[in-house]
Amino acid sequence: AILQINRAAEDAAASAKPIFLEALRNMTLTDAIGLLKNTDTSATHFFRTKTDQKLFEAFLPIIKASLDKTDATKYYADMVNSYNKIPTTFKKLNPDLPGFVTQKATLAMFDLVSKEEINIRHNISARPTDLLKKVFGSK
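One rule links them: number in our numbering = place in the sequence shown (from 1) + 506.
Here's what the structure looks like:
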């Protein structure tokens with residue numbers, strides 16, 4: 507099940523590129539200045555606010571189709587619904603496995619983007635292109 511969940515997330519990640527490119531095309535001058543002057547993860551924050559819902563919508567059908575191949579969604583929903591019926595269960599779980607996996611996949615993707623952004627900002631060797639050197643400096 508874990509392998510299938512990981513594969514589903516990997517399949518969905520390929521659809522992120524056009525969504526990120528659209529966010530870049532729609533970036534304002536104020537956005538660009540904020541990316542340079544704010545925190546170590548301001549670019550990640552920008553992309554998260556501009557793309558999160560679109561990524562979720564793009565990833566969900568891909569992840570659902572992948573999970574449905576193994577009946578993982580049915581078994582997960584049955585298990586969670588049984589758990590939620592236990593009288594001592596105070597924190598109910600969401601039986602929507604595709605939604606849960608999609609949410610976790612987007613969070614994991616932004617976590618990776620954040621780590622790479624911090625690396626680029628603090629590590630000169632992580633700026634191999636002329637554009638990155640120009641934006642973040644070469645020293």
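Yeah, the Cβ is synthetic: ideal placement off N, Cα and C, and Gly gets one too.
From a predicted model like this one, the values you see are computed outputs, not experimental measurements.
In this structure, DSSP gives Asp602 a state outside helix and strand, which the three-state scheme calls coil. Phe642 is positioned such that its CB atom lies closer than 8 Å to that of Ile626. In this model, Glu528 and Leu561 are separated by some 12 Å (Cα to Cα). With fewer than 16 other beta carbons inside 10 angstroms of its own, Tyr589 counts as exposed. If you look at Asn590, you'll find it in the alpha helix (DSSP H) that goes 578 to 591.
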